[in-house]
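The structure under discussion appears below in the form of structure tokens.
Protein chains: 2
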Amino acid sequence: MPTDDIRWIDDRGRDNDYNPPELNPRGIIMEAKCPHSATTVNCNDCRMSALCLPMALQADEIDRLNRIVERGRPLQRNEYIYHAGEPFKSIYAVRSGAVKGFTVNDEGVEQVTGFYLPGEIFGMDGIGHPNHINSAVALETAAICEIPFSRLEELSTQIPSLQRHFFRLMSREITNDQQLITMLSKNSAEERIATLLTSISARNARRKLSGSRFRLPMSRADIGNYMGLTVETVSRVFSRFQKQDILSVDKKEIEILDLDRLRSMANT
Amino acid sequence: MPTDDIRWIDDRGRDNDYNPPELNPRGIIMEAKCPHSATTVNCNDCRMSALCLPMALQADEIDRLNRIVERGRPLQRNEYIYHAGEPFKSIYAVRSGAVKGFTVNDEGVEQVTGFYLPGEIFGMDGIGHPNHINSAVALETAAICEIPFSRLEELSTQIPSLQRHFFRLMSREITNDQQLITMLSKNSAEERIATLLTSISARNARRKLSGSRFRLPMSRADIGNYMGLTVETVSRVFSRFQKQDILSVDKKEIEILDLDRLRSMANT
DNA sequence: CGGGCGGGTTGATATACGTCATATGGAAAG
DNA sequence: CTTTCCATATGACGTATATCAACCCGCCCG
Chain P
13 MPTDDIRWID
23 DRGRDNDYNP
33 PELNPRGIIM
43 EAKCPHSATT
53 VNCNDCRMSA
63 LCLPMALQAD
73 EIDRLNRIVE
83 RGRPLQRNEY
93 IYHAGEPFKS
103 IYAVRSGAVK
113 GFTVNDEGVE
123 QVTGFYLPGE
133 IFGMDGIGHP
143 NHINSAVALE
153 TAAICEIPFS
163 RLEELSTQIP
173 SLQRHFFRLM
183 SREITNDQQL
193 ITMLSKNSAE
203 ERIATLLTSI
213 SARNARRKLS
223 GSRFRLPMSR
233 ADIGNYMGLT
243 VETVSRVFSR
253 FQKQDILSVD
263 KKEIEILDLD
273 RLRSMANT
Chain V
13 MPTDDIRWID
23 DRGRDNDYNP
33 PELNPRGIIM
43 EAKCPHSATT
53 VNCNDCRMSA
63 LCLPMALQAD
73 EIDRLNRIVE
83 RGRPLQRNEY
93 IYHAGEPFKS
103 IYAVRSGAVK
113 GFTVNDEGVE
123 QVTGFYLPGE
133 IFGMDGIGHP
143 NHINSAVALE
153 TAAICEIPFS
163 RLEELSTQIP
173 SLQRHFFRLM
183 SREITNDQQL
193 ITMLSKNSAE
203 ERIATLLTSI
213 SARNARRKLS
223 GSRFRLPMSR
233 ADIGNYMGLT
243 VETVSRVFSR
253 FQKQDILSVD
263 KKEIEILDLD
273 RLRSMANT
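Chains P and V, in that order, are what the protein sequence lines are.
All the letters of the first sequence, read from the start, carry residue numbers 13 to 280 under this note's numbering.
All the letters of the second sequence, read from the start, carry residue numbers 13 to 280 under this note's numbering.
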């Protein structure tokens, strides 16, 4: 099975990475110290554009989109992008860093609903409701684009390809969730972890980063929460994978030693 | 907690039921023999309109929507509305009967992704893809409205409230799925079944049917599949609920004897 | 420097649910 | 009417994962 078939998460990631330090038209090095710097970026020279909303647009249309996008200061680890219960106003795109989306139920128990990496869109859960249903926090220092939803809606009525693309994004969120549902109701702990790792690997590869060596932005507890497992089980699976020479793990640093085997486990 | 908070499924159902036998303008009794009869129905006099797509529209707009809706002959039990892999062309609304949505993975294992009752929309999973990802079959004799998606998209650019409503529908599908995810990863077998039953109860009540006595349209196997349980476990939970005087079960006929207790179990 | 603390690992034990087997009853088929 | 078959039910048993507990390690903070 080709990598592309690991759809439930991979569809979010497609290509490229955040805008790395590079020369601007005047030859001055931008963002050399802070890769999360925001103010100098716009949709035209953001290298995420190929997988973010602009991918559906022509140059002049990107310009119009660009004008409604808001880019704040970089967020620190554990800073919220939005809280459940807040009025829903915008959707968001990750430019750099990583974000965790989650709900908290009546008893205060958290449920992680997704991890978002550079180039991915989040916050769509709020669209059907006056207030946000989920919360979102930065898992590490992150640069986020905010796209006011009412402006985007307006723009969508004027640019059919944007409307279509947006429908597609939402429907993919649905199929992603459904593949997670399948996993939770049918797959073992090992299969779930293998699926998560191959997914992150593929999303990294598409951003031209290593698909075999990377740093997990989330804790074991977050992984377990997301996959319906306890921390202990996650930890044990990681240990077992190491004993089997599938992985090499050093805290959050992961090296995938046998991607084929990992894929065949994930592949249920 | 009010019934309304059982969001993960209830949001689909809101009010009313299929069009029952009634007088047409000329005083002739319509559809007396077949409640699933299609040809005489249009969006204006369909009593599902209050929770279906027309709910967002003015009279003249409903007319325009009505003109793009296709209503075929009633479907029999086990007939497919669409198969996974078929080109995606339309979304669908249930006018009467019940529908099961499901995926089949590479090994041929089925995963139920949802049950759809009268007034509810399904088939949105296909939007982001050229072909349908899921399949959908009638669980019992059913009348279905087909809404060609390209026409709906077109109409949406002309009627902003329709676009907005459609965004809402999709986002609710997302939050529904996420609440199912939470249930699968955190709740016991009893809690899951209790949640399903209270959900169906609430959806029936909103259609002015009994919320305490109803017929389950799906098999125990489908329930188990949907909730991540085996048939045996589903059966045992039903038996246990009967011993505790929470339910009275006769094959698919359900009577809820203690809705409060059921709610408090569901309510995790 | 020492203590506390959060995150991670590992082991021993408990348990909810799955698996396998068998039974029943109604519906469809012949 | 008999046979077959499918859905449902119920019991015995096994097991994957949760739970509980102890421990380690790096980090922050006094």
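All C-beta atoms in this analysis are idealised placements derived from N, C-alpha and C, irrespective of residue type, glycine included.
Please read these numbers as outputs of a predicted model, since none were measured by experiment.
In the structure shown, P:E91 adopts coil according to DSSP, grouped into three states.
Spanning the alpha carbons of P:V243 and P:V121 requires a straight line of approximately 15 Å. A straight line joining the alpha-carbon of V:N199 with that of P:N54 spans about 44 Å. CA-to-CA, the gap between V:N117 and V:A217 works out to about 35 Å. Going by DSSP, V:P160 is part of the beta strand (DSSP E) stretching over A155 to P160. Taking C-beta atoms under 8 Å as the contact rule, V:A150 and V:L87 qualify, at a distance of about 4 Å.
Interface residue (Cβ-Cβ distance to chain V less than 8 Å): P:G140 is classified as such. Following the DSSP letters along the chain, one finds P:T115 inside the beta strand (DSSP E) bounded by residues V111 to V116. With the criterion set as a beta carbon lying under 7 Å from some beta carbon of chain P, the members of the stretch 191-202 of chain V are L192, I193, T194, L196, S197 and K198, in sequence order. Burial is judged here by how many other beta carbons sit within 10 angstroms of a residue's own beta carbon; V:H95 has fewer than 16 and is exposed. Cβ proximity to chain P below 8 Å picks out V121, Q123, T125, M136, D137, G138, I139, G140, H141 and I145 from the stretch 121-145 of chain V. Contact between P:G140 and P:G126 does not hold, since the beta-carbon distance rounds to 17 Å and is not under 8 Å.
Judged by their CB atoms, V:D137 and P:S183 are nearer to each other than the 8 Å cut-off. When rounded, the separation of the alpha-carbon atoms in V:S147 and P:Y104 is 31 Å. Within the same chain, I258 come within 6 Å of P:D270 by CB-CB distance, once the 5 residues on both sides are set aside. V:L164 places its beta carbon 8 Å or farther from that of P:G240. Positions of the alpha helix (DSSP H) runs, each at least 4 residues long and wholly inside the stretch 141-210 of chain P, are given as 161-170 and 172-198 in order along the chain.
Scanning V:A110, V:R76 and V:H144 for the CA closest to the CA of V:G131 turns up V:A110. In the three-state scheme derived from DSSP, where H, G and I count as helix and E and B as strand, V:E98 is classed as coil. At least one CB of chain V lies nearer than 8 Å to the CB of P:Q175. DSSP places P:L259 within a strand segment (E or B) once states are collapsed to three.
Just so you know, the alpha carbons of V:R83 and V:V106 end up roughly 11 Å apart. The CB of V:D189 comes closer than 7 Å to the CB of I186, D189, Q190 and I193 in chain P, given here in chain order. The beta-carbon of P:P172 is placed less than 8 Å from the nearest beta-carbon of chain V.
By a beta-carbon distance limit of 8 Å, V:L63 does not contact V:L69. Their separation comes to about 13 Å.
Among the residues of chain P, those whose CB is under 9 Å from the CB of V:M182 are M136, I139, G140, F179, M182, S183, E185 and I186, following chain order. By alpha-carbon distance to V:F253, the top candidate from V:E152, V:A278 and V:A71 is V:A278.
Distance from the CA atom of V:M60 to the CA atom of P:R180, rounded to whole angstroms, is 27 Å. CA-CA distance, V:I145 to V:C157, rounds to 20 Å.
Comparing C-alpha distances from V:V124 to each of V:G236, V:D72 and V:S173 shows the shortest one belongs to V:G236. Listed as beta-bridge partners of P:F134 by DSSP are P:Y104. For V:V249 and V:E152, the gap between their C-alpha atoms comes out near 24 Å.
As the crow flies, the alpha-carbon of P:R89 is around 53 Å from that of V:K263. According to DSSP, residue pairing for V:Y128 in a beta bridge involves V:V111.
A straight line joining the alpha-carbon of P:D234 with that of P:V246 spans about 10 Å.
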